[in-house]
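The numbering used here puts the first residue of the sequence shown at 196, with every later residue one more than the last.
C-beta atoms are modelled at their ideal positions from N, C-alpha and C, and glycine is treated no differently.
See structure below.
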Amino acid sequence: MHPSHVLHAARLCAALLLAGCSPLRSGGAAASVSADTVVHGEGLILGAEEGERRVRRPRPGGTAGLTAPFILKVDERNGGSPDLVMGYEDIPPGERIQPHQHLHADEIIFVHRGSGVATLGGREGAISAGSTVYIPRNTRVSLRNTGSEPLGIAFIFSKPGFEQLMRENSVPEGQPATPVSAEEFARIRARHRWHTVYDQP
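This is the structure we're talking about:
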């Protein structure tokens, strides 16, 4: 093995140990790598369950289903990309992504599994595994799971911003997901109105 590879492996193992992480999960699956251990500029190879796993905090008027985990896979913190943001989430049956628009970033949603309905601008269409939804910036979008299984989607943004809103509304998986008060929820959305605007405050 090349000496630089040995050094990189040693740094990664040391960072995992300092973070209290084990290189393997029970059952032999690869562990999620903490964002702090990623060497920027080298790229990432992530398994289906790997990445920055987070859980949404219960919100005012929300439902338990919206506390399902999501994964931030690529952004400035994960992999060091200054431009792209990519993540994955499962929308539970009967749940939806509220109508909103992104002011500065285009978005692509790729449906990995499940079925539902996408509303884009003034039109509506059925989506299922293999479907792609392209959302130009300043275009209103909403997704609804109309099926009986989770609607699994990968989302990609052309510019950063939305990932920070997602972080503020969530906690790392495994930490207590304390509810968000109405006042805090309003403050979080107000801080991020420069890039994302929801139909409802």
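Would you kindly work out how many angstroms separate the C-alpha atoms of residue i and residue j, rounded to a whole number?
i      : j      : result
ILE330 : GLY246 : 24 Å
ILE303 : THR327 : 7 Å
ARG388 : ILE240 : 32 Å
VAL201 : GLY238 : With a pLDDT of 36 at VAL201, under the threshold of 50, the modelled position of this residue cannot be trusted; read the value that follows with caution. In a straight line, the C-alpha of VAL201 is about 18 Å away from that of GLY238.
GLY369 : GLU363 : 16 Å
PRO253 : VAL375 : 6 Å
ALA224 : SER276 : Since pLDDT at ALA224 reaches only 35, below the 50 mark, its modelled position is unreliable, and no value is offered.
MET281 : ALA300 : 12 Å
ALA381 : ASP394 : 13 Å
GLY316 : GLU290 : 20 Å
GLU244 : GLU319 : 31 Å
ARG401 : SER343 : The chain is shown only over 196 to 396; residue 401 falls outside these bounds and no answer can be derived.
GLN293 : LYS268 : 22 Å
ARG386 : GLY325 : 34 Å
ARG339 : GLY274 : 30 Å
Give me the residue from the options with the minimum Cα distance to residue i.
i      : options                        : result
ARG308 : VAL366, ALA321, SER365         : ALA321
ASP270 : GLY356, GLY316, PRO253, ASN333 : GLY356
THR314 : GLN296, ALA324, PRO371         : GLN296
ASP278 : ALA372, LYS354, PRO294         : LYS354
VAL336 : GLY274, PRO288, VAL392, GLY236 : VAL392
ALA377 : ARG251, GLY242, GLY236, PRO255 : PRO255
PRO264 : HIS390, SER365, VAL312, GLU379 : SER365
ALA372 : ARG251, LEU346, PRO288         : ARG251
TYR283 : GLY311, GLY242, VAL312         : GLY242
HIS390 : PRO345, THR334, THR341         : THR334
Starting from residue i, trace the beta strand (DSSP E) both ways and give me its first and last residue.
i      : result
ARG272 : From DSSP, ARG272 is part of no beta strand (DSSP E); its letter is neither H nor E.
GLN293 : 291-297
GLU237 : Neither: GLU237 is in no beta strand (DSSP E) and is coded neither H nor E.
LEU346 : 346-352
GLU368 : Segment: none, GLU368 is in no beta strand (DSSP E) and carries neither H nor E.
LEU279 : From DSSP, LEU279 is part of no beta strand (DSSP E); its letter is neither H nor E.
THR327 : 327-330
ARG252 : Premise fails: ARG252 is in no beta strand (DSSP E) and is neither H nor E.
What three-state label does DSSP hand residue i in the structure shown?
i      : result
GLU378 : helix
TYR393 : strand
ILE322 : strand
ALA313 : strand
LEU360 : helix
ARG386 : helix
SER337 : strand
So residue i and residue j are supposed to be a Cβ contact under 8 Å. How far apart are they, rounded?
i      : j      : result
ILE286 : ILE348 : 7 Å
PRO367 : ARG249 : 6 Å
LEU360 : ARG332 : About 15 Å separates the two Cβ atoms, so there is no contact after all.
Which two residues bound the contiguous alpha helix (DSSP H) that contains residue i?
i      : result
GLU244 : Per DSSP, GLU244 belongs to no alpha helix (DSSP H) and is neither H nor E.
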